[in-house]
Amino acid sequence: KFAWHAFMRRFFLIKKAEFNEESKSWQSTKNKDRDQLNDDDYKNNPNKIYQNLLAGKNILRSMYRVKEKKNLIPIEIPKAYCKEVRHMKKDRIQAVLDLADRVCEIVEKQDARKLIYPIESARFVYQFRTALIRLLKKNIALGEPQPLFTTEDYLEKLLPDGEPWSDVRDLMLIRIYEKLHHYLQNAGEKLDEEAVLVPDENDEL
1 KFAWHAFMRR FFLIKKAEFN EESKSWQSTK NKDRDQLNDD DYKNNPNKIY
51 QNLLAGKNIL RSMYRVKEKK NLIPIEIPKA YCKEVRHMKK DRIQAVLDLA
101 DRVCEIVEKQ DARKLIYPIE SARFVYQFRT ALIRLLKKNI ALGEPQPLFT
151 TEDYLEKLLP DGEPWSDVRD LMLIRIYEKL HHYLQNAGEK LDEEAVLVPD
201 ENDEL
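Okay, so the sequence shown: first residue is 1 according to my numbering, each after it adds one.
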């Protein structure tokens with residue numbers, strides 16, 4: 001409950017105020033003192049998360065930040081959201097998380113943060129497919145005894161017909177940022193803004 005409220009607090013629409021990442025609170029920009037706002041000061045303002053939920057729009061993309069490579073919410077909530085709201089089957093959710101875990105292993109073994117970039121920059125389903133195939137080939141090149149995923153996993157769980165592909169991308173990135181948090185935060189390599197185009201939450205073609 002605390003994690004959910006901390007997450008949705010940052011998405012209020014408040015004039016002459018900005019969200020402070022360190023204190024996880026809103027601060028007034030009306031004066032130099034930048035006074036901290038209490039929840040009662042803005043709780044009746046519009047909130048993007050609530051608006052999207054009521055409109056039936058996907059909020060997974062709002063749960064992480066590509067530029068900072070971090071999650072805004074613990075993985076348990078995206079998992080519950082995928083199951084209860086996005087109606088993803090439990091075994092499909094687990095297959096996506098397992099794949100993300102395997103990707104994390106490859107990234108750490110190779111000290112290759114750039115392997116994540118094709119997933120981050122996938123704006124269309126064909127780009128995401130290409131990213132998965134590249135990782136599959138990388139896994140083979142490393143001599144791993146097991147494939148990264150099977151044909152059945154790919155067709156029935158990762159990218160089944162009629163299901164939004166971006167849910168898989170988003171859930172994978174949330175898991176990857178969680179598992180590789182310290183590795184990514186400590187990496188000296190800077191994000192190549194030209195190489196990674198941040199996907200929009202409506203990119204589900």
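Ideal Cβ placement from N, Cα and C applies to all residues, glycine included. The structure presented is a predicted model; accordingly, all values stated were derived computationally and were not measured.
Sequence-distant residues of the same chain with beta carbon closer than 8 Å to residue i, five excluded per side
| i | result |
| --- | --- |
| tyrosine 177 | Tyr64, Lys69, Lys70, Asn71 and Leu184 |
| phenylalanine 7 | Ile49, Met63, Leu72, Ile73 and Ile77 |
| aspartate 35 | Gln27 and Ser28 |
Alpha-carbon to alpha-carbon, residue j and residue i
| i | j | result |
| --- | --- | --- |
| isoleucine 75 | tryptophan 4 | 11 Å |
| lysine 114 | lysine 30 | 41 Å |
| alanine 100 | histidine 181 | 13 Å |
| phenylalanine 128 | leucine 159 | 10 Å |
| aspartate 111 | isoleucine 14 | 41 Å |
| glutamate 18 | lysine 43 | 15 Å |
| phenylalanine 11 | methionine 88 | 25 Å |
| lysine 179 | aspartate 40 | 35 Å |
| lysine 83 | aspartate 167 | 11 Å |
| alanine 187 | lysine 109 | 14 Å |
| aspartate 98 | proline 147 | 12 Å |
| glycine 162 | threonine 151 | 17 Å |
| arginine 9 | serine 25 | 8 Å |
| tyrosine 154 | lysine 32 | 54 Å |
| leucine 37 | glutamine 51 | 22 Å |
| lysine 157 | phenylalanine 149 | 10 Å |
With 16 other Cβ atoms within 10 Å as the buried cut-off, status of residue i
| i | result |
| --- | --- |
| alanine 131 | buried |
| aspartate 170 | buried |
| lysine 90 | exposed |
| asparagine 47 | buried |
| arginine 61 | buried |
| aspartate 2 | According to the sequence provided, residue 2 is phenylalanine. The question's aspartate does not apply to it. It counts as exposed. |
| valine 66 | buried |
Cut-off 7 Å between Cβ atoms - residues of its own chain near residue i, not counting five sequence neighbours on either side
| i | result |
| --- | --- |
| isoleucine 79 | A quick correction: the sequence has lysine, not isoleucine, at residue 79. Excluding positions up to five away in sequence, the list reads Ile93. |
| lysine 16 | Ser28, Thr29 and Lys30 |
| valine 107 | Arg113, Leu115, Ile116 and Leu180 |
Other residues of its chain near residue i: CB distance less than 6 Å, five sequence neighbours each side excluded
| i | result |
| --- | --- |
| leucine 173 | Tyr64 |
| glutamate 105 | none |
Point to revise | Complete runs of the alpha helix (DSSP H) confined to the region 137 to 194 [at least 4 residues] | key: Secondary structure within the region 137 to 194: the alpha helix (DSSP H) runs of 4 or more consecutive residues, fully enclosed, are 165 to 179 and 181 to 186 (chain order).
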